[in-house]
Amino acid sequence: MDYPIHRPRRLRKNELLRGMVRETAISPDALVYPVFIKEMDEREIPVDSMPGISQFSPDGALDEVEAALNAGVKAILVFGIPQKKDEAGSGAYDKNGIVQRAVRGVKSRFGDDILVITDVCMCEYTSHGHCGVIKDGYVDNDESVKLLARSALSHVLAGADMVAPSDMMDGRIHAVREILDLHGDYNIPIMAYSAKYASCLYGPFRDAAESAPQFGDRRSYQMDPPNAREAMREIELDIEEGADIIMVKPALFYLDIVRDAKERFDVPIAGYSVSGEYAMIQLAVQKGWLDYKRAVLESTTSIRRAGADIIITYFAKDLCRWAKEHTL
Ligand code: PBG
Ligand code: ZN
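Here the sequence shown is numbered in our numbering, starting from 457 and rising by one per residue.
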């Protein structure tokens, strides 16, 4: 017999009951806040397409990290924008490059209060804007992998606590693991952007990171959006190559991939709620069409509910603040 015996509404009667049976919670411990650091004189320049997000100079970034810490953020993901770009993306592995200097600054000021993860890629550093080096009009995999490994090591030498390769070249996790181990940095974890799709949702990020490709697009290395099984293969390879954490990116349009990964693999899963997800919510809020807090909570919760253990989100400061005020 069902109704009138069964009444699911009983457990929804008030907040105490709803709280008792709530299945999903967002933990501030598992949120990562992306920070854009640029070689420039201004301390801070707001990014038009990402209201509330700015590029910071290395000094300005210290203030931003302090603000994030005060809000309760525990981890940042650092992106660098160099002053000069070249064909070989040499700023990416320069020991005095923008990320390397910024990481040294943040670590010497905040030490172990903040976990510093660095994005490892070439696109912010190459004049052509691709995530690797070009040979005959095509992104050369194996040459790019060597440079990515060098970049990762240079970040670690500067003090990074974790590296996150985001380029989607084949074999780069193996190469990064190998170079770090050879150097004795066998305790530095790798968070692999494993299932990274060629998505429209990176548009605003490319303004923030000044990394739009100057010709063509990224579809010869990032994944084709219709594919789900291929994501499992990418993740499996990255785990075999030594990834400690794997990532699905974007998050909201790919929640099925987050769920599939969670069911298949026993490593922590990160979901990257990307710039386009952020911009869509911010714009609808500015228009008065969505309630800010409810939209941020519901979208972030959905990523968690799908199975993400770690969430990379531009909303991290507010989410952590709400957790502190017990209004999450
Ligand atoms: C670059 C990189 C991208 C993002 C993180 N690292 C975008 C791209 O492939 O152009 C996207 C982040 C976002 O949109 O928030 N390898
Ligand atoms: Zn890239």
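Don't be surprised by glycine CBs; every beta carbon is placed ideally from N, CA and C.
Discussion item. Here's the rule: buried if 16 or more other CB atoms are within 10 angstroms of the residue's CB, otherwise exposed. What is Val477?
Written reply: The sequence position of residue 477 within the sequence shown is 21, counting from 1. Classification of Val477: exposed, given that the 10 Å Cβ count is below 16.
Item to complete: Rounded to whole angstroms, what's the CA-CA distance from Ile573 to Tyr594? Just pull it up for me.
Response: As a working mapping, residue 573 is identified with position 117 in the sequence shown. As a working mapping, residue 594 is identified with position 138 in the sequence shown. Rounded to the nearest angstrom, the two C-alpha atoms are 29 Å apart.
Fill in: Buried/exposed call for Thr480, threshold 16 Cβ in 10 Å
Taking the sequence shown and counting its residues from 1, the one referred to as residue 480 is at position 24. By the 10 Å Cβ count, Thr480 comes out exposed.
Discussion item. Does the distance between the C-beta of Cys656 and the nearest non-hydrogen atom of the ligand ZN fall short of 7 Å?
Written reply: Locating residue 656 in the sequence shown gives position 200, counting from the first residue. The answer is no for Cys656.
Worksheet item: Under three-state DSSP, which class holds Gly561?
Response: Along the sequence shown, one-based indexing puts residue 561 at 105. Secondary structure of Gly561 (DSSP, three-state): helix.
Practice prompt. Count the other CB atoms, across all protein chains shown, that sit within 10 Å of the CB of Trp745; report buried if there are 16 or more and exposed otherwise.
Written response: Here residue 745 is taken as the residue at index 289 of the sequence shown, counted from 1. By the neighbour-count criterion, in which a residue is buried when 16 or more other Cβ atoms sit within 10 angstroms of its Cβ, Trp745 is exposed.
Worksheet item: How would the residue list near the ligand ZN read, in chain order, if you kept each one whose beta-carbon is closer than 5 Å to any heavy atom?
Response: Neighbourhood of the ligand ZN, defined by CB distance below 5 Å to any of its heavy atoms: Cys577, Cys579 and Cys587, in chain order.
Practice prompt. Name the residue from Tyr642, Arg466, Ala687 and Ala726 whose alpha carbon lies nearest to the alpha carbon of Tyr653.
Written response: One-based indexing of the sequence shown puts residue 653 at position 197. Taking the Cα of Tyr653 as reference, the smallest distance to any Cα among Tyr642, Arg466, Ala687 and Ala726 is reached at Ala687.
Worksheet item: At what residue ranges does the region 512-552 contain a whole run of the beta strand (DSSP E), taking only runs of 3 or more?
Response: 531-537, all fully within the region 512-552.
Worksheet item: Out of Ala764, Leu753, Val741 and Ile554, which has the shortest C-alpha to C-alpha gap to Arg720?
Response: Counting from 1 along the sequence shown, the entry for residue 720 is found at position 264. When each option's Cα is compared against that of Arg720, the closest is Ala764.
Item to complete: Please go through the region 730-776 and give each complete beta strand (DSSP E) segment of 3 or more residues, from N-terminal end onward.
Response: Taking 3 residues as the minimum length, the beta strand (DSSP E) runs contained wholly in the region 730-776 are 766-769, in order along the chain.
Discussion item. Give me the residue from Arg465, Leu525, Glu498 and Ile482 with the minimum Cα distance to Pro490.
Written reply: Within the sequence shown, numbered from 1, the residue matching residue 490 stands at position 34. Minimum Cα distance to Pro490 is reached at Leu525.
Worksheet item: Since Pro706 and Ser655 are thought to touch, with beta carbons under 8 Å apart, how far apart are those beta carbons, to the nearest angstrom?
Response: For the purposes of this step, residue 706 is identified with residue 250 of the sequence shown, where counting begins at 1. For the purposes of this step, residue 655 is identified with residue 199 of the sequence shown, where counting begins at 1. Rounded to the nearest angstrom, the Cβ distance from Pro706 to Ser655 is 5 Å, consistent with a contact under 8 Å.
Worksheet item: Is Arg674 near the ligand PBG, with its Cβ less than 7 Å from a heavy atom?
Response: Here residue 674 refers to the residue found at position 218 of the sequence shown. Here the distance from the Cβ of Arg674 to the nearest heavy atom of the ligand PBG is below 7 Å.
Discussion item. By the three-class DSSP mapping on this structure, what secondary structure does Phe721 have?
Written reply: Stepping through the sequence shown from its first residue, residue 721 is reached at position 265. Phe721 falls in the coil class under three-state DSSP.
Discussion item. The ligand PBG and Gln678: does the residue's C-beta get closer than 7 Å to at least one heavy atom of that ligand?
Written reply: Counting from one through the sequence shown, the residue named residue 678 turns up at place 222. Gln678: yes, Cβ under 7 Å from the ligand PBG.
Worksheet item: Should Gly553 be counted as a contact of the ligand PBG given a C-beta to heavy atom distance under 7 Å?
Response: The residue labelled residue 553 in the question sits at position 97 within the sequence shown. Outside the cutoff, so no.
Fill in: Where the alpha helix (DSSP H) containing Phe661 begins and where it ends
Your numbering for residue 661 matches position 205 in the sequence shown. Element bounds for Phe661: Gly659 to Ala664.
Worksheet item: Where do the ends of the beta strand (DSSP E) carrying Ile573 lie?
Response: Locating residue 573 in the sequence shown gives position 117, counting from the first residue. Unbroken beta strand (DSSP E) run through Ile573: Leu571 to Val576.
Discussion item. Runs of 4 residues minimum, wholly inside the region 624-650: which ones carry the alpha helix (DSSP H) assignment?
Written reply: Complete alpha helix (DSSP H) runs here, min 4: 628-638.
Item to complete: Go to Lys602, then tell me how far its alpha helix (DSSP H) extends in each direction, as first and last residue.
Response: In the sequence shown, residue 602 corresponds to position 146, counting from 1. That run of the alpha helix (DSSP H) goes Asn597 to Ala614.
Worksheet entry | With 16 other Cβ atoms within 10 Å as the buried cut-off, status of Asp515 | If you number the sequence shown from 1, residue 515 lands on position 59. Exposed: under 16 other Cβ atoms inside 10 Å.
Worksheet item: Who are the Cβ neighbours of Gln678 in its own chain at under 7 Å, not counting the five residues just before and after it?
Response: If you number the sequence shown from 1, residue 678 lands on position 222. These residues qualify, in order along the chain: Met624, Lys652, Tyr653 and Ala654.
Worksheet item: Helix, strand or coil: which one does DSSP assign to Ile440?
Response: With the chain covering only 457 through 784, there is no way to say anything about residue 440.
Item to complete: Please report how far the alpha carbon of Ser676 lies from the alpha carbon of His462, in whole angstroms.
Response: Counting from 1 along the sequence shown, the entry for residue 676 is found at position 220. Counting from 1 along the sequence shown, the entry for residue 462 is found at position 6. Their backbone Cα atoms lie some 53 Å apart in a straight line.
Worksheet item: Shorter than 8 Å from the beta carbon of Gly516 to some beta carbon of chain B?
Response: The structure shown contains no chain B, having only a single protein chain.
Worksheet item: Between the region 634-650 and the region 559-572, do three or more beta carbon pairs fall short of 8 Å?
Response: Judged by pairs of C-beta atoms under 8 Å, the region 634-650 does not touch the region 559-572, as fewer than three such pairs exist.
Discussion item. Need the endpoints of the alpha helix (DSSP H) that Ala620 sits in, please.
Written reply: The residue you call residue 620 lines up with position 164 of the sequence shown. Run containing Ala620: none in the alpha helix (DSSP H); it sits in the beta strand (DSSP E), Met618 to Pro621.
Worksheet item: Per DSSP, Pro490 forms a beta bridge with which residues?
Response: Walking along the sequence shown from the start, residue 490 turns up at place 34. Bridge partners of Pro490: Leu533.
Worksheet entry | Validate contact between the region 658-666 and the region 492-507 using beta carbons, cut 8 Å, 3 pairs | As far as the Cβ criterion goes, the region 658-666 touches the region 492-507, which means the pair count is three or higher.
Worksheet entry | Strand pairing of Met703, partner residues [DSSP] | Your numbering for residue 703 matches position 247 in the sequence shown. BP columns for Met703 point to Tyr649 and Ala726.
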